[in-house]
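Protein chains in written order, with the numbering used here: chain A, 1415 to 1928; chain B, 175 to 546. Every residue, glycine too, gets a C-beta built ideally from N, C-alpha and C. Only a predicted model underlies this, so the values are computations on that prediction, with no experimental measurement involved. Notes follow once the structure below has been shown.
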């Protein structure tokens, strides 16, 4: 088949079958030279799979992939992809933390002087590369000491080292602050405009798609729904294509006065799993009827904060009071009894038992109540089943049956199980962490509505999330956390996403009086 | 013992199953049939008639009332030890020290049964309690180390086996050695009236079976129908989640271990009161390890353990008589048991690859049909 002049990559009727799921279903797509092509879709829509096929990490079950007019054969692998000029930056970086930037970038292709690594030549080569593409890095820095944004730059340079002209970026902004995202976009624009490169961006953040891409391909359930020119579409159209129905992103909040303080932290200090200080004196409070959102780049103490509040981690100093009672250092059970429900950030290891059924997951915490057991010992199976069915219905958990193992549900439905269990306790204080991580748009919408409803019922909610859009959409008050300290506190609407990044990365605000 | 430990290590990798599914039963049936077939093959190679030998095996285990009695008695031992293992494993602790707990239980029961004066029923009850307390307390130590200091309970329990066995052996040879003539090593005999009486003449099946039945029912109930069993299951499968949900996982693990030990102690007591009427150093011949195997093969499912115990008892009792009547060495039965374990260990891997292969083939067919 003849390729059009500026076509660089073509998928022809590509399907990929995984055991049990059809990850790509008859995808035909052509990508042009010199464009930023955004590939969007919900989790599990098949975006990453499609790109893995292109990069040679996996082989298509059916169909053909053409790169620059030549067909990739059965021998296609990342090495041959790179030879053909296709490079990929994965979501999780593949860098050696103890090596310098130069060593990482040139890994496997180090310049040699005799038998030995030629440091000077390596540094020079990295400087040349960095200049050529306008990606500023310091060649002699150790990767461990770099921020996430800089590490990503190193990854990109590593991908470009081989002279690639097609760059695949898998969810590149997931770990970046707004400033870092902005810088990344400048780089992308530059290499596309000046170097005439092609960038394929896998993402599910629609504002970014609108901001950076030339064309956008929307995937849903393995199929390529539509390819649109970014200039001729809008977020709402893309979102409804992704979900398969209309999605309404309205502000869900209704005005409400915050009540009395339900959760108070005073000078809270704690260590992380490696016994290093993670919380360095956090003082804050959450009132009834408000959502307080914690903004911060991941790894700045959010996890430890949540675990301390829930009793899963013992603080080294400070105090926590819940509904007016001191609960510092008590067991998770006592804290629950005192009125806390907790949606943990890691649902697979803490939020649920993947090997237990939906019914069992929903039962935890209630197994000794009068409602579900006789004398706290004999489980009332029929009651439990009835309750489970009710929950499955009212929280819209898509399942083949209440005995299905929770681990076999999709991410969104797993999260609904966790939320159904925790929200049904009717606790006055909710600790909600990463409620929509890995959850598709449809379920996200539902979960947000549930959280808002809880707030409107008068619950005090502490929301921890890495998703700024989510925080801004839900929170009444925003608190920035950096290096285990609170660096700022803002009423909703008094700050925008761009300026808050300053506080998330260590900028400091004189703490405003309550 | 060495081979046994290896089987145990292989099976330790198998995590407790959600429940025994139809697929699992089919795999089990296939594994058992294949193992019996391999056994038949070996018989043919060594010049024995497999049909005749297997007939001899079944006859030896179930042919006469006395044989049935012995088989049932063996079933009870396997079943109780298997359930003891299952109870702890369900909560995520591996009690490999049941053998030692059994010895201590037997010793405690023998001492109480010999020293305490009173009505027979009281002696029985006191001995039973003493045995369970001895076994339970002996399990408490590794349990506590596990919960408090995260010391691997597999290692501590294995090691404590030897301590208990040799300690009992010392007692039986030394301070508590009986003055009766004709007993090389053993304690004084227990009160005559308190000993269990055979239910079937000349067989090992005694009234102790009723006590065993009660315990089996209780364990089955706790594991499958109660809130405690539910908490144990969650703790065993994901203890972070269990703790997060308000379960006191440490306490639960400790109690599971103690109950597991208590059941082992009780097995010791049943042996003493049913069979030997005193403590002797051969009171158990690695009974607990056989029970562990059964428990692991059935993935700690109580009902499954009962069934599999019966099957293993038939193999074990019938194997001996097969050796006598058909001349097939009873080691063959060990081979059959090992092959069953082998296939069960490979079971999930084999099944997954078959399922994958089927789904890929189905998709390809569908795609071809659509393409055509």
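Item to check | Status (buried if at least 16 other CB within 10 Å, exposed otherwise) for residue 340 of chain B | outcome: Classification of residue 340 of chain B: exposed, given that the 10 Å Cβ count is below 16.
Item to check | Run of the alpha helix (DSSP H) containing residue 338 of chain B, from where it starts to where it stops | outcome: Its alpha helix (DSSP H) spans residues 327-347.
Item to check | Spatial neighbours of residue 1436 of chain A in its chain, beta-carbon cut-off 8 Å, leaving aside the 5 residues before and after | outcome: So the list reads 1429, 1430 and 1636, once near-sequence residues are dropped.
Next on the checklist: For the pair the stretch 258-273 of chain B and the stretch 240-250 of chain B, tell me if three or more CB-CB distances fall below 8 Å.
Outcome noted: As far as the Cβ criterion goes, the stretch 258-273 of chain B does not touch the stretch 240-250 of chain B, which means the pair count is below three.
Checklist entry - In terms of alpha-carbon separation, which member of A:1798, A:1769 and A:1763 lies closest to residue 1779 of chain A? => result Of A:1798, A:1769 and A:1763, the residue nearest in Cα terms is A:1798.
Checklist entry - Which of the three DSSP states, helix, strand or coil, is assigned to residue 1873 of chain A? => result Coil, per DSSP.
Next on the checklist: Since residue 1888 of chain A and residue 1877 of chain A should fall inside the 8 Å C-beta cutoff, what is the C-beta to C-beta distance between them, to a whole number of angstroms?
Outcome noted: Residue 1888 of chain A to residue 1877 of chain A, Cβ: 6 Å. Contact.
Checklist entry - Buried or exposed: residue 176 of chain B, going by 16 or more other Cβ atoms within 10 Å of its Cβ? => result Per-residue confidence for residue 176 of chain B stands at a pLDDT of 48, beneath the threshold of 50, marking its modelled position as unreliable; the derived number appears in the next sentence. Residue 176 of chain B is exposed by the Cβ-count criterion.
Item to check | Closest by C-alpha distance to residue 382 of chain B, when choosing among B:409, B:443 and B:349 | outcome: Residue 382 of chain B has its Cα closest to that of B:443, out of B:409, B:443 and B:349.
Next on the checklist: Under 8 Å, Cβ to Cβ, is there at least one residue of chain A near residue 425 of chain B?
Outcome noted: Taking a beta-carbon distance threshold of 8 Å, residue 425 of chain B does not count as an interface residue toward chain A.
Checklist entry - Taking a cut of 8 Å between CB atoms, which residues from the stretch 1680-1711 of chain A lie near chain B? => result Under the 8 Å Cβ criterion, the stretch 1680-1711 of chain A contributes no residue.
Checklist entry - Does residue 1611 of chain A get closer than 8 Å to chain B when you measure Cβ to Cβ? => result Answer no: the Cβ-Cβ gap between residue 1611 of chain A and chain B never drops below 8 Å.
Item to check | Neighbour list for residue 1779 of chain A in chain B, Cβ cutoff strictly below 8 Å | outcome: Within chain B, the residues near residue 1779 of chain A are 419 and 420.
Next on the checklist: Under 8 Å, Cβ to Cβ, is there at least one residue of chain B near residue 1848 of chain A?
Outcome noted: No, because no Cβ of chain B sits closer than 8 Å to the Cβ of residue 1848 of chain A.
Checklist entry - What number of angstroms, rounded off, separates the C-alpha of residue 1880 of chain A from the C-alpha of residue 1496 of chain A? => result Cα to Cα, residue 1880 of chain A sits roughly 33 Å from residue 1496 of chain A.
Checklist entry - Counting Cβ pairs closer than 8 Å, one from the stretch 483-499 of chain B and one from the stretch 261-278 of chain B, do we hit at least three? => result The stretch 483-499 of chain B vs the stretch 261-278 of chain B: no contact.
Item to check | Residue nearest to residue 1698 of chain A in terms of C-alpha spacing, selected from A:1473, A:1466, A:1446 and A:1894 | outcome: Minimum Cα distance to residue 1698 of chain A is reached at A:1894.
Checklist entry - Would residue 1531 of chain A be called buried (16 or more neighbouring beta carbons within 10 Å of its own) or exposed? => result Taking all protein chains in view, the Cβ of residue 1531 of chain A is surrounded by fewer than 16 other Cβ atoms within 10 Å, so the residue is classified as exposed.
Checklist entry - Can you round the beta-carbon distance between residue 1644 of chain A and residue 1622 of chain A to whole angstroms, since I take them to be within the 8 Å contact cut? => result 11 Å between Cβ atoms; not a contact.
Checklist entry - Does the Cβ of residue 1484 of chain A have 16 or more other Cβ atoms within 10 Å, making it buried, or fewer, making it exposed? => result Exposed.
Checklist entry - Do you know how far the Cα of residue 494 of chain B is from the Cα of residue 218 of chain B? => result Distance between the alpha carbons of residue 218 of chain B and residue 494 of chain B is about 19 Å.
Next on the checklist: Determine, for residue 1770 of chain A, whether the minimum Cβ-Cβ distance to residues of chain B falls below 8 Å.
Outcome noted: Yes, because at least one Cβ of chain B sits closer than 8 Å to the Cβ of residue 1770 of chain A.
Next on the checklist: Taking a contact to mean a Cβ-Cβ separation below 8 Å, would you say residue 1737 of chain A touches residue 1592 of chain A in this structure?
Outcome noted: Note that the C-beta distance between residue 1737 of chain A and residue 1592 of chain A is not below 8 Å.
Next on the checklist: Quick check on residue 1709 of chain A: does DSSP put it in helix, strand or coil?
Outcome noted: Residue state, collapsed to three classes: strand.
Checklist entry - Using a C-beta cutoff of 8 Å, does residue 414 of chain B count as contacting chain A? => result Answer yes: the Cβ-Cβ gap between residue 414 of chain B and chain A drops below 8 Å somewhere.
Checklist entry - Apart from the five residues on each side of it in sequence, which residues of its chain come closer than 7 Å, Cβ to Cβ, to residue 407 of chain B? => result Cβ neighbours of residue 407 of chain B within its own chain (closer than 7 Å, five residues either side excluded): 264.
Next on the checklist: Please confirm whether residue 1750 of chain A has its beta-carbon closer than 8 Å to some beta-carbon of chain B.
Outcome noted: Interface residue, yes.
Checklist entry - Can you find a CB in chain B that lies within less than 8 Å of the CB of residue 1840 of chain A? => result False, the Cβ-Cβ gap to chain B never drops below 8 Å.
Checklist entry - Mapping DSSP to helix, strand and coil, what is residue 176 of chain B? => result Note on residue 176 of chain B: pLDDT 48, under 50, position unreliable in the model; no value is reported.
Checklist entry - Is residue 1716 of chain A helix, strand or coil by DSSP? => result In this structure, residue 1716 of chain A counts as helix in the three-state DSSP scheme.
Next on the checklist: For a test of the three-state rule: what should DSSP assign to residue 1926 of chain A, helix, strand or coil?
Outcome noted: Confidence is the limiting factor: at residue 1926 of chain A the pLDDT is only 43, short of 50, which leaves the residue's position unreliable, though a coordinate-based value still follows. Assignment of residue 1926 of chain A by DSSP, reduced to helix, strand and coil, places it in the coil class.
Item to check | Close Cβ partners of residue 1790 of chain A (< 7 Å) along its chain, the five nearest in sequence each way excluded | outcome: Once the five neighbours on either side are set aside, the close Cβ partners of residue 1790 of chain A are 1782.
Next on the checklist: Can you confirm whether the stretch 326-338 of chain B touches the stretch 295-303 of chain B when touching is taken to mean that 3 or more C-beta pairs between the two stretches lie within less than 8 Å?
Outcome noted: Note that the stretch 295-303 of chain B does not touch the stretch 326-338 of chain B; fewer than 3 beta-carbon pairs, one per stretch, sit closer than 8 Å.
Item to check | Contact test: residue 1588 of chain A Cβ vs the ligand HEM heavy atom, cutoff 7 Å | outcome: Annotation note on the ligand HEM: not contained in the displayed structure, which lists no ligands.
Checklist entry - Between the C-alpha atoms of residue 1458 of chain A and residue 1824 of chain A, what's the straight-line distance to the nearest angstrom? => result Their backbone Cα atoms lie some 9 Å apart in a straight line.
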